[in-house]
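The structure appears right after this line, and notes come after that.
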Amino acid sequence: MIRFENVTKRYRGTSKPALSGVDFEVQRGEFVFLVGASGSGKSSCLRLILREDVPTTGRVAVLGRDLRALANRKVPYFRRHIGSVFQDFRLLPSKTVYQNVAFTLQVTGSSRGFIQQAVPEALALVGLDGKEKRMPHELSGGEQQRVAIARALVNRPQVLLADEPTGNLDPATSVDIMQLLARINAGGTTVLMATHEAGFVDQMRRRVIELRDGEMVRDEVHGGYGDTSNIPRLVPEEVRGAAAAAALTAVQEVQRQTADLSVVRAALAEELDAQRRAAAASPAVTRPAADATPQVVEPPEPVREPGVVEPPDVVQPQPAAARPAPAGPRTHPIVIPEVDVAELGVADRLGLSDQDDEEVGPTS
Ligand code: ADP
Ligand code: MG
Numbered sequence: 027m028i029r030f031e032n033v034t035k036r037y038r039g040t041s042k043p044a045l046s047g048v049d050f051e052v053q054r055g056e057f058v059f060l061v062g063a064s065g066s067g068k069s070s071c072l073r074l075i076l077r078e079d080v081p082t083t084g085r086v087a088v089l090g091r092d093l094r095a096l097a098n099r100k101v102p103y104f105r106r107h108i109g110s111v112f113q114d115f116r117l118l119p120s121k122t123v124y125q126n127v128a129f130t131l132q133v134t135g136s137s138r139g140f141i142q143q144a145v146p147e148a149l150a151l152v153g154l155d156g157k158e159k160r161m162p163h164e165l166s167g168g169e170q171q172r173v174a175i176a177r178a179l180v181n182r183p184q185v186l187l188a189d190e191p192t193g194n195l196d197p198a199t200s201v202d203i204m205q206l207l208a209r210i211n212a213g214g215t216t217v218l219m220a221t222h223e224a225g226f227v228d229q230m231r232r233r234v235i236e237l238r239d240g241e242m243v244r245d246e247v248h249g250g251y252g253d254t255s256n257i258p259r260l261v262p263e264e265v266r267g268a269a270a271a272a273a274l275t276a277v278q279e280v281q282r283q284t285a286d287l288s289v290v291r292a293a294l295a296e297e298l299d300a301q302r303r304a305a306a307a308s309p310a311v312t313r314p315a316a317d318a319t320p321q322v323v324e325p326p327e328p329v330r331e332p333g334v335v336e337p338p339d340v341v342q343p344q345p346a347a348a349r350p351a352p353a354g355p356r357t358h359p360i361v362i363p364e365v366d367v368a369e370l371g372v373a374d375r376l377g378l379s380d381q382d383d384e385e386v387g388p389t390s
């Protein structure tokens with residue numbers, strides 16, 4: 027289902043390859059952890075699987091396709107068979123939960139009937155029924171990640187890729203998300219999850235592929251995480267412009283899944299507009315999303331700290347003006363860079379210059 031054959035990835039301008047001679051195969055229905063310290067090459071692997079990048083040498087085959095041989099114009103159709111979720115959720119902040127999940131289906135031309143059936147099903151699967159009308163900022167971090175998972179699954183992909191999906195969540199919420207991923211896997215979806223967090227991997231007792239400096243050092247069918255002494259704990263992240271960054275990554279996520287540049291452009295304009303309005307409403311300070319607050323955990327203290335979880339039901343919708351003063355660290359005003367969508371390389375990546383409706387079907 028996913029096969030790496032002696033894959034090496036060298037980024038331009040770097041001396042050391044990000045991946046070196048990586049060789050593994052994931053079978054249909056497996057749950058695989060891709061583990062390793064920050065910088066070990068996990069995200070590079072996932073980008074190769076999504077055909078966001080190609081190996082320098084070696085071969086990546088996904089769903090029976092040699093991705094090197096996959097024409098650019100077929101990439102968007104190929105990606106519809108692969109759901110992906112990320113540490114930063116990538117939701118469209120000015121759209122409701124329902125709209126976030128429905129959006130890519132609408133853009134890619136799914137029928138209204140399918141959307142009306144698939145979206146509630148996906149939301150029920152992740153335990154979010156009843157929250158269709160909430161906005162992302164009215165949800166806890168765990169709920170936002172559930173929306174992202176629902177969106178990733180709404181097209182019923184065969185593979186779900188998760189890149190540090192619990193990286194912005196507290197331990198208790200992370201466990202919930204892990205259980206959800208396990209349930210999705212039990213339903214037949216192949217799951218590949220990159221993480222540097224030891225605890226979950228040990229608890230789940232699933233196959234573990236470990237990378238160290240781009241080399242595969244372990245592939246165990248029921249591995250734990252192993253030696254954790256060298257693994258950096260969660261590190262602080264820059265929160266400046268977190269909302270703007272979230273909006274942009276959300277739009278890029280839509281770009282990833284769609285082939286209609288005009289709709290993407292409209293979505294981006296809408297997001298930038300919503301962000302500007304929000305910035306105008308609170309000119310000096312922006313409250314970062316609760317989960318965007320950097321979590322600084324100093325080794326060797328374990329990450330587990332009780333009492334951080336907000337029960338979903340206490341999260342009430344509030345108008346922006348009535349929101350409480352920022353609780354977390356202060357951030358700079360949102361500065362949204364002017365983005366020319368064409369410059370993001372979307373047209374190229376999505377093969378818009380040469381549209382083609384041909385579906386890339388799974389062959390394995
Ligand atoms: P991980 O996800 O395990 O943290 P990455 O795959 O992001 O690791 O990165 C692996 C290595 O490749 C790191 O040394 C990183 O700095 C480098 N790298 C990743 N992306 C790029 C890029 N676009 N250009 C140059 N170097 C990169
Ligand atoms: Mg990464």
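Heads up: take any position in the sequence shown, counting from 1, add 26, and you land on my numbering. Even for Gly, the Cβ is constructed at its ideal location relative to N, Cα and C. Fair warning: this is a prediction, and the values are worked out from it, not measured in the lab.
For this session: Flag SER70 as yes when its Cβ comes closer than 7 Å to any non-hydrogen atom of ligand 3, and as no otherwise.
Result: In the structure shown, ligand 3 is absent; the only ligands present are ligand 1 and ligand 2.
Exercise. Does the separation of the CB atoms of ALA188 and ALA220 fall below 8 Å?
Worked result: Yes, Cβ-Cβ distance for ALA188 and ALA220 is below 8 Å.
Exercise. Which word fits HIS248, buried or exposed, when buried means at least 16 other C-beta atoms lie within 10 angstroms of its C-beta?
Worked result: By the neighbour-count rule (16 or more Cβ atoms within 10 Å), HIS248 is not buried but exposed.
Exercise. The beta strand (DSSP E) spanning ARG106 covers which residue range?
Worked result: Counted as a single uninterrupted DSSP element, the stretch harbouring ARG106 is not any beta strand (DSSP E), since DSSP gives it neither H nor E.
For this session: Give the secondary structure of ASP245 by DSSP, where H, G and I count as helix, E and B as strand, and everything else as coil.
Result: In the three-state DSSP reduction, ASP245 falls in the strand class (E or B).
For this session: Give every residue of the same chain whose Cβ lies closer than 6 Å to the Cβ of ASP383, excluding the five residues on either side of it in the sequence, and list them in chain order.
Result: With a pLDDT of only 36 at ASP383, under 50, the local geometry of the prediction cannot be trusted, and no value is derived from it.
For this session: State the Cα-Cα distance for the pair ARG36 and GLY84, rounded to the nearest angstrom.
Result: Cα-Cα distance, rounded: 12 Å.
For this session: Report whether the distance from the Cβ of TYR37 to the nearest heavy atom of ligand 1 is below 7 Å.
Result: Yes; taking the cut-off as 7 Å, the Cβ of TYR37 has a heavy atom of ligand 1 nearer than that.
Problem set entry | Cβ-Cβ separation, LEU74 to GLN184 (assumed contact under 8 Å), whole Å | Contact doesn't hold; Cβ gap of about 17 Å is too wide.
Problem set entry | ligand 2 heavy atom lying under 7 Å from the CB of ALA220 | Answer for ALA220: yes, Cβ within range of ligand 2.
Exercise. According to the Cβ coordinates, are ILE203 and GLY168 closer than 8 Å?
Worked result: A contact, by the Cβ cut-off of 8 Å.
For this session: For the beta strand (DSSP E) holding MET219, just list the boundary residues, first then last.
Result: MET219 -> beta strand (DSSP E) spans 216-221.
Exercise. How many whole angstroms separate the CB atoms of ALA60 and LYS68, which I take to be in contact at a CB cut-off of 8 Å?
Worked result: Just to set this straight, residue 60 is Leu in the shown sequence, not Ala. 5 Å between Cβ atoms; contact.
Problem set entry | Close-in-space but distant-in-sequence residues of the same chain around LEU154 (CB under 6 Å, 5 per side omitted) | So the qualifying residues of the chain are ARG172.
Exercise. Taking the runs of the alpha helix (DSSP H) that are 4 residues or longer, which of them lie wholly in the stretch 129-206?
Worked result: For the stretch 129-206, whole alpha helix (DSSP H) runs of length 4 or above, ordered along the chain, are 138-151 and 167-179.
Exercise. Any idea if LYS42 is buried or exposed, counting beta-carbon neighbours within 10 angstroms, 16 or more meaning buried?
Worked result: So LYS42 counts as exposed.
Problem set entry | Contact under 8 Å by Cβ, ASP240 with ALA44 | A small fix is needed here, since residue 240 is Gly in this sequence, not Asp. Yes, Cβ-Cβ distance for GLY240 and ALA44 is below 8 Å.
For this session: With distances taken Cα to Cα, identify the nearest neighbour of GLU51 among ARG233, GLU297 and ARG238.
Result: Measuring from the Cα of GLU51, the nearest candidate turns out to be ARG233.
Problem set entry | GLN229, buried or exposed, once every other Cβ within 10 Å from all chains shown has been counted against 16 | Counting Cβ neighbours within 10 Å, GLN229 comes out exposed, since fewer than 16 surround it.
For this session: Tell me whether the beta-carbon of VAL392 lies closer than 8 Å to the beta-carbon of LEU93.
Result: For residue 392 there is no data in the structure shown, the boundaries of the chain being 27 and 390.
Exercise. Out of curiosity, what's the CA-to-CA distance linking GLY55 and THR215?
Worked result: Whole-angstrom Cα-Cα distance: 6 Å.
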